[in-house]
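These protein sequences, in sequence, are chains A and B.
Position one of the first sequence corresponds to residue 14 (the numbering used here), numbered consecutively onward.
Position one of the second sequence corresponds to residue 14 (the numbering used here), numbered consecutively onward.
2 protein chains.
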Amino acid sequence: MLSKNKIKFIQSLSRKKVRDQEQLFLVEGNKIVLESIDSDFGIEMICATPEFSDRFFADKNLQCELIECSEDEIKKASLLQNPQQALALVKMPTPELSLQKATDKLFLALDFIQDPGNMGTIIRIADWFGIRDIICSQNTTDCFSPKVIQASMGAIFRTSIHYLNLEESLLKANHLDIPVYGAFLEGENIYQSPLSPNGILVMGNEGNGISEQIERFIDHKIHIPSFAGKENGSESLNVAVATSICCSEFKRRTIKK
Amino acid sequence: MLSKNKIKFIQSLSRKKVRDQEQLFLVEGNKIVLESIDSDFGIEMICATPEFSDRFFADKNLQCELIECSEDEIKKASLLQNPQQALALVKMPTPELSLQKATDKLFLALDFIQDPGNMGTIIRIADWFGIRDIICSQNTTDCFSPKVIQASMGAIFRTSIHYLNLEESLLKANHLDIPVYGAFLEGENIYQSPLSPNGILVMGNEGNGISEQIERFIDHKIHIPSFAGKENGSESLNVAVATSICCSEFKRRTIKK
């Protein structure tokens, strides 16, 4: 059974302040709950219907509190419109950033991404392209908010997301001779630019792009050209879409022929 | 002034049935209203505040009814959370599909895309990459719904969207020797596949991909490989993201070196 207090507590995790205090975040949905259990993340508590529990947890050695409850109780605690049979409270990881790794791997850096849907989609894209580290400016939307978790489709469990002073991180990268790329509306045509298999790719805010403070640290300004021709196309691409195109182009070049 | 009846009528355009009957759709937001006026689409009516009207319509020879009204009245009629100073009722176009054009241009085809946000983003991507024709299966979400219009960011005015029997269209394409590509979770690595500058690229449903009925007409199955390696990444990409990566790869190949 799920007590009123527990329901209240679960719901309070919709607030960043509470998440930070408790160092916990909420994961909802059958598939993503199972992914959380199989991940390296610590689980504080799982709420699931007895059917779900019997089916999926019987052969698992769960290391956390398991509360069996009705679908109705999950519905009460849920922040989703269509809750499922399980939710989990997951411990926030404390990943350490080793910039040194960017001497042979590609990192992503986000400068003030605001929309949780974009954020989640970007995490999913990073996961697809094998990018394991995402550095976020401190004003980037919280990756542990329920909307981001949903949009990331489980990719949150396979990426290390670092909220840091982005300027300082990029300054360090400059000192380490790690190439820093940034996506701009003007810059070198990405398809014709030399791209290294390692480095940091910076993506900017939805409305304003990469900020001036961050621009200073960027060695290579790249842009995705429009093919709309004289007919004048859209002015810009959605930032998650632009991220996917950039990652695709970086990673394509690493394929051995 | 905006009468109660007009407000009711504007709101009724949130329903596909009414849109189809009236052959009109609703466009909201200052920027996109201005784009609609500059497009080839016919405008039935514009509602705008006097300030907006003075600023933007003074030197335009508007060919439609213009109703000046207060922001409050626009708010009443609006389907948005944060309405702006203008909205327009735009006439649905009746584009004619010339498949023959796919002998030297790239078309996009959508097989049962359900999510309006994805649909709008895909239209914006098509516009960016200079793809002027999108063929949609009849069960694909309506491109004139308010959510699609918003997500398309004006790209709706620069693309021809054809709701047709997709099977018949692809069968014709097969007969015309127009290459038909389809994005699958399994298929030839897109980065290593020959891609022609023309043809039809089919993208499938969010959950189920391309349907069996449509698969039969596809000459070239392509897929975007994951770079997640042994760590096992996400199972799939969002369909709009996958569309952007595929379009990027097709169009990149057309750049003259």
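Glycine included, C-beta positions come from ideal geometry on N, C-alpha and C.
It should be emphasised that the depicted structure is a prediction, and the values quoted were computed from it without experimental measurement.
Opposing strand residues paired with residue i [DSSP bridges]
i, result
"A:D146", "A:S173"
"B:A99", "B:A61"
"A:K234", "A:G195"
"B:N202", "B:H236"
"B:M216", "B:L123"
"A:L37", "A:K104"
"B:L183", "According to DSSP, B:L183 bridges with nothing at all."
"A:L79", "A:I59"
"B:G222", "B:N218"
Length of the line joining the Cα atoms of residue i and residue j
i, j, result
"B:S150", "B:V215", "10 Å"
"B:E225", "A:F197", "40 Å"
"B:H175", "B:I169", "12 Å"
"A:M132", "A:I126", "7 Å"
"B:T153", "B:D124", "7 Å"
"A:I162", "B:V31", "36 Å"
"A:E35", "A:K234", "40 Å"
"A:I203", "A:H236", "5 Å"
"A:R137", "A:A164", "8 Å"
"A:I47", "A:P108", "With the sequence shown as reference, residue 47 of chain A is identified as Leu, and Ile is not the correct amino acid for it. When rounded, the distance between both Cα atoms is 22 Å."
"B:S91", "B:K269", "46 Å"
"A:I59", "A:A101", "4 Å"
"A:E262", "B:T134", "20 Å"
"B:K73", "B:N43", "15 Å"
"B:K29", "B:N178", "19 Å"
"B:A99", "B:F69", "11 Å"
"A:D117", "B:P238", "21 Å"
"A:F230", "A:G195", "9 Å"
"A:S257", "B:C82", "42 Å"
"A:S111", "A:S173", "11 Å"
"B:M166", "A:L75", "47 Å"
"B:S66", "B:Q97", "13 Å"
"B:I23", "B:E78", "14 Å"
"B:P106", "B:R265", "31 Å"
Same chain, Cβ closer than 6 Å to residue i, five either side skipped, listed in chain order
i, result
"B:P210", "T267"
"A:L121", "A139, I144, I147, L214"
"A:N18", "none"
"A:V103", "F38, V40, S49, F54, I56"
"A:N218", "F125"
"A:S158", "P129"
"B:S182", "I148"
"A:R283", "Nothing about residue 283 of chain A can be reported from this structure: the residues present for chain A run from 14 to 270 only."
Cβ of residue i within 9 Å of any chain B Cβ
i, result
"A:T267", "yes"
"A:Q97", "no"
"A:A241", "yes"
"A:Q163", "no"
"A:S261", "yes"
"A:T154", "no"
"A:I258", "yes"
"A:M216", "no"
"A:I118", "First, the residue type needs correcting, since residue 118 of chain A is Lys and not Ile in the sequence shown. False, the Cβ-Cβ gap to chain B never drops below 9 Å."
"A:Q205", "yes"
8 Å CB neighbourhood of residue i in its chain, flanking five on each side removed
i, result
"A:K89", "L15, I20"
"A:S27", "L39, L92, S158, P159"
"A:A115", "D146, A186, L189, I191, N211, G212, I213"
"B:Q232", "Here the sequence assigns Asp to residue 232 of chain B, which means Gln is not the residue at that position. Cβ neighbours of B:D232 beyond the five flanking positions: N187, P192, V193, Y194."
"B:F86", "Correcting the residue identity first, residue 86 of chain B is Glu in this sequence and not Phe. Answer for B:E86: M14, L15, I20, C60, listed in chain order."
"A:L2", "As displayed, chain A neither begins before 14 nor continues past 270, which places residue 2 of chain A out of reach and without an answer."
Cβ-based neighbour list, residue i, same chain, cut-off 7 Å, excluding 5 preceding and 5 following
i, result
"B:L93", "E41"
"B:E84", "T62, Q98"
"A:E199", "H236"
Beta carbon proximity, residue i to chain A, threshold 9 Å
i, result
"B:N245", "yes"
"B:L121", "no"
"B:I237", "yes"
"B:L250", "yes"
"B:V254", "yes"
"B:Y194", "no"
>> By the 7 Å beta-carbon criterion, what residues does the region 133-160 of chain B contribute toward chain A?
In response: T134, R137, I138, D140, W141, F142, G143
> What residues in the region 52-64 of chain B have a beta carbon less than 8 Å from any beta carbon of chain D?
Replying inline: Here the protein chains are A and B, and chain D is not one of them.
>> Give me the subset of the region 167-195 of chain A whose CB atoms are less than 9 Å from a CB atom of chain B, sorted by chain position.
In response: G167, A168, R171
> Going along the chain, which residues of the region 103-115 of chain A sit with their C-beta nearer than 8 Å to a C-beta in chain B?
Replying inline: none
> If contact means a Cβ-Cβ distance below 9 Å, which residues of the region 84-95 of chain A contact chain B?
Replying inline: none
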